[in-house]
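Chains as they are written, first to last, in the numbering used here: chain A, 9 to 307; chain D, 5 to 221.
Beta carbons: idealized from backbone N, C-alpha and C, even for Gly.
Just so it is clear, the structure is predicted and the values come from calculations on it, not from any experiment.
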Amino acid sequence: MKAWVDHNLHSLNLATKRMAEGPFAALFSILVIGIALSLPAGLYVALKNIDRLAGGMPTQPEITLFLDIDLSQDKGRQLVQKVEGMPGVAHARFVSRDDGLKHLKDAGLSDLTSGLSANPLPDAIAITPNDSNADNMERLAQQFKLLPGVDHLAMDTDWARRLTALLDFGHNLVWLMTGLLGLALAAITGNTIRLQIYAARDEIEVSRLIGATNRFIRRPFLYFGVLQGLLGGLAGWLIVSGSLHAMTASLDRLALAWSGHLDLLGLGPAEAAIILATSSLLGFLGAFLAVNYSLQRMN
Amino acid sequence: MIELSDVVKRYPGGHEALSGINLTIERGELIFLTGHSGAGKSTLLKLIAAIERPTSGVVTVSGQNLGRIRRSALPYVRRNIGLIFQDHKLLYDRSVHDNVLLPLHIQGMSGHEAGKRVRAALDKVGLLNKERARPITLSGGEQQRLCIARAIVSRPPLLLADEPTANLDEQYARDIMDMFKAFNQVGVTVILTTHDQDLIQRYGGRRIALANGKVAS
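What follows is the structure in structure tokens.
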């Protein structure tokens with residue numbers, strides 16, 4: 009047990025020493041890994057922020073009926089019951105004009121509403137249809153338009169659906185990029201390790217002749233791969249965080265011009281941990297494949 | 005301890021280095037392998053050290069058939085053999101001390117106990133005062149002795165040496181041979197290849213002469 013710990017410590021020590029022997033090569037590898045990682049990580053952060061801005065939007069399409077401004081609340085509530093009884097309607101909800109205003113304030117448009125002397129909003133009914141296909145929605149809308157007390161209606165969910173689809177696409181893109189760049193990361197590590205093995209081939213040959221197992225020979229290289237991956241992950245995290253930091257000032261100015269405020273979400277500790285773990289794992293994988301391949305060829 | 009029966013080693017391209025060797029070496033023997041260059045001396049050592057496998061025939065060392073052994077078990081076979089190479093195969097990027105430490109390290113020994121054994125081995129070959137030096141700064145004879153120290157540090161029961169006295173002047177050669185004789189006297193089986201007839205007569209072990217891949221006498 010003690011020997012095992014000793015050898016692991018020794019391997020780690022050897023890996024750091026090898027890295028320190030070629031500081032520029034190591035730095036470049038780490039930088040390349042960092043940049044490769046920062047692309048999917050950066051896109052992920054961008055999506056996370058868009059997601060939040062778009063947050064809370066119904067993805068289930070709704071039809072909103074805006075009632076005549078002088079219609080009483082009682083009449084409005086009666087209308088809800090009538091609408092709910094119509095075929096093709098799953099659910100109908102009364103939204104009073106006060107609720108509507110509150111909703112606007114919550115959505116961050118208080119700058120807009122605070123300037124109003126009176127509530128300009130009418131009461132409304134939010135309707136969830138049974139079937140959200142476009143034809144059905146259109147048919148229902150025609151029927152609602154004819155109802156007495158309905159001023160106009162809106163099917164404002166189309167763009168929300170598009171945004172959701174776009175965000176889904178973005179998330180897929182993140183996965184795709186992670187996959188491809190992960191492959192690149194493993195390849196970069198593998199290549200560095202291959203060069204190292206070449207440089208250490210005398211030592212490997214002698215070690216084998218005097219009874220070293222493959223595991224013994226492999227270990228320092230694996231540590232190197234993990235170390236390089238970890239540092240690369242750290243570099244990627246720094247690149248993303250630094251870029252966000254650099255962009256915050258200009259985004260603030262932009263938001264200020266619209267008399268609002270925008271907080272950017274960065275990478276949380278859990279996400280940072282995932283990046284570091286992934287890059288370490290990929291470094292390990294690249295090193296493992298490269299060492300095994302080289303050792304087999306040396307047989 | 006070592007048994008070869010009908011051993012043939014043919015290299016790719018058709019060159020037959022060994023053609024039908026039958027040989028038994030007992031524990032504790034001192035063996036001189038002689039023969040002209042190309043007679044198969046080095047090949048024979050490589051087969052015994054499981055560095056190469058026979059084309060046909062059986063090589064048995066300490067009861068293990070080396071031709072049948074799994075690749076993953078080879079390291080453990082090698083740990084029982086001290087190898088002394090003609091070209092030394094030292095690692096020039098580390099100190100004399102660390103070169104000798106390597107076999108112990110490979111076998112999972114470290115710390116104080118390992119350091120003690122390294123110094124004991126270096127003491128035996130007379131290099132204790134060069135512990136911190138780099139191998140490149142040593143003379144040819146000293147490098148040979150360093151190689152011996154590395155081979156004996158893990159106290160293997162079998163020592164194989166390929167031309168250990170070649171390229172050394174007479175005094176150095178005699179020093180080295182004295183060491184092998186001393187190891188042999190404490191029970192280590194020693195097999196070495198040499199051209200030097202005087203050495204064989206002076207040290208009086210068993211002589212096995214190879215000629216054209218066969219045992220001549």
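Give the secondary structure of Gly123 (chain A) by DSSP, where H, G and I count as helix, E and B as strand, and everything else as coil.
For the purposes of this step, residue 123 (chain A) is identified with residue 115 of the first sequence, where counting begins at 1. Coil, per DSSP.
C-alpha gap between Ser143 (chain D) and Met181 (chain D), whole angstroms
Counting from 1 along the second sequence, the entry for residue 143 (chain D) is found at position 139. Counting from 1 along the second sequence, the entry for residue 181 (chain D) is found at position 177. Cα to Cα, the separation comes out at about 17 Å.
Output needed for Ala54 (chain D): all residues of its chain with C-beta closer than 6 Å, excluding positions within five of it in sequence on either side, in chain order.
Position 50 of the second sequence, counted from the start, is the residue given in the question as residue 54 (chain D). Closer than 6 Å at the Cβ level, and outside the excluded window around Ala54 (chain D), lie Leu70, Leu78 and Val81.
Minimum Cβ-Cβ distance from Leu217 (chain A) to chain D less than 8 Å:
The residue you call residue 217 (chain A) lines up with position 209 of the first sequence. Yes, Leu217 (chain A) counts as interfacial toward chain D.
Where do the ends of the beta strand (DSSP E) carrying Asp76 (chain A) lie?
Working through the first sequence from its first residue, we reach residue 76 (chain A) at position 68. Note, Asp76 (chain A): premise wrong, no beta strand (DSSP E); not H, not E.
Pull up the CB-CB distance for Leu150 (chain D) and Pro168 (chain D), whole angstroms please, since I reckon it's below 8 Å.
The residue you call residue 150 (chain D) lines up with position 146 of the second sequence. The residue you call residue 168 (chain D) lines up with position 164 of the second sequence. Actually they are not in contact, since the Cβ atoms of Leu150 (chain D) and Pro168 (chain D) sit about 12 Å apart, beyond 8 Å.
Which residue marks the beginning of the beta strand (DSSP E) containing Ala100 (chain A), and which one marks its end?
In the first sequence, the residue the question calls residue 100 (chain A) occupies position 92. That run of the beta strand (DSSP E) goes Val97 to Val103.
Given a limit of 8 Å on CB to CB distance, which residues of the stretch 54-73 of chain D reach chain A?
Ile55
If you run the structure through DSSP and keep just helix, strand and coil, what is Thr169 (chain D)?
Against the second sequence, residue 169 (chain D) aligns to sequence position 165. If DSSP states are grouped into helix, strand and coil, Thr169 (chain D) belongs with coil.
For Asn307 (chain A), does the three-state DSSP call read helix, strand or coil?
Taking the first residue of the first sequence as 1, we reach residue 307 (chain A) at position 299. Asn307 (chain A): coil per DSSP, three-state reduction.
Any Cβ of chain A within less than 8 Å of the Cβ of Met113 (chain D)?
One-based indexing of the second sequence puts residue 113 (chain D) at position 109. True, the Cβ-Cβ gap to chain A drops below 8 Å.
What are the uninterrupted segments assigned as beta strand (DSSP E) that are 3 or more residues long and contained completely in the stretch 179-217 of chain D, given in chain order?
193-197 and 210-215
Any contact of the stretch 100-117 of chain D with the stretch 196-215 of chain D, i.e. 3+ C-beta pairs under 8 Å?
no
Got a sec, what are the start and stop residues for the alpha helix (DSSP H) Gln59 (chain A) sits in?
The residue given as residue 59 (chain A) occupies position 51 in the first sequence. In the sequence as displayed, the identity of residue 59 (chain A) is Asp instead of Gln. Looking at the DSSP string, the run of the alpha helix (DSSP H) that includes Asp59 (chain A) is Pro31 to Leu61.
Just reading off the beta strand (DSSP E) that Thr64 (chain D) is part of, what are its end residues?
Position 60 of the second sequence holds residue 64 (chain D). Here the beta strand (DSSP E) through Thr64 (chain D) covers Ser60 to Val65.
I think Leu238 (chain A) touches Ser287 (chain A), with their Cβ atoms under 8 Å apart; what is that distance to the nearest whole Å?
For this step, residue 238 (chain A) is matched to residue 230 along the first sequence. For this step, residue 287 (chain A) is matched to residue 279 along the first sequence. So it is a contact: roughly 6 Å between Cβ atoms.
For chain D, find out if any of its Cβ atoms is closer than 8 Å to the Cβ of Asp59 (chain A); answer yes or no.
As a position in the first sequence, residue 59 (chain A) is number 51, starting the count at 1. No, because no Cβ of chain D sits closer than 8 Å to the Cβ of Asp59 (chain A).
Starting from the beta carbon of Pro139 (chain D), find every residue of chain A whose beta carbon is closer than 9 Å, and list them in chain order.
Residue mapping note: residue 139 (chain D) aligns to position 135 of the second sequence, counting from 1. The premise fails here: Pro139 (chain D) is roughly 12 Å from chain A at the closest Cβ pair, so nothing lies under 9 Å.
Check whether the stretch 82-89 of chain A and the stretch 20-31 of chain D touch, using three or more Cβ-Cβ pairs below 8 Å as the test.
no
Using a beta-carbon distance below 8 Å, is Ala34 (chain A) in contact with chain D?
Counting from one through the first sequence, the residue named residue 34 (chain A) turns up at place 26. Not closer than 8 Å to any Cβ of chain D, the Cβ of Ala34 (chain A) fails to qualify, so no.
What span of residues does the alpha helix (DSSP H) with Thr47 (chain D) cover, start to end?
Stepping through the second sequence from its first residue, residue 47 (chain D) is reached at position 43. Start and end: Lys45 to Ile52.
For the beta strand (DSSP E) that contains Gly86 (chain D), what are its first and last residues?
Working through the second sequence from its first residue, we reach residue 86 (chain D) at position 82. Ile85 to Ile88 is the extent of the beta strand (DSSP E) around Gly86 (chain D).
Helix, strand or coil, according to DSSP, for Asn133 (chain D) in the structure here?
Within the second sequence, residue 133 (chain D) is the residue found at index 129, counting from 1. Helix, per DSSP.
C-beta atoms of Gly274 (chain A) and Ser258 (chain A) nearer than 8 Å:
Residue numbering aside, residue 274 (chain A) sits at position 266 when the first sequence is read from its first letter. Residue numbering aside, residue 258 (chain A) sits at position 250 when the first sequence is read from its first letter. No, they are not a contact pair.
What does Ala220 (chain A) reach in chain D if we use C-beta pairs closer than 7 Å?
In the first sequence, the residue the question calls residue 220 (chain A) occupies position 212. Within chain D, the residues near Ala220 (chain A) are Pro79 and Ile110.
If you measure from the beta carbon of Val214 (chain A) to each beta carbon in chain D, is any gap under 8 Å?
Position 206 of the first sequence, counting from 1, holds the residue named residue 214 (chain A). It does: the Cβ of Val214 (chain A) has a partner Cβ on chain D nearer than 8 Å.
For the stretch 12-31 of chain D, which residues have a beta carbon sitting closer than 9 Å to at least one beta carbon of chain A?
none
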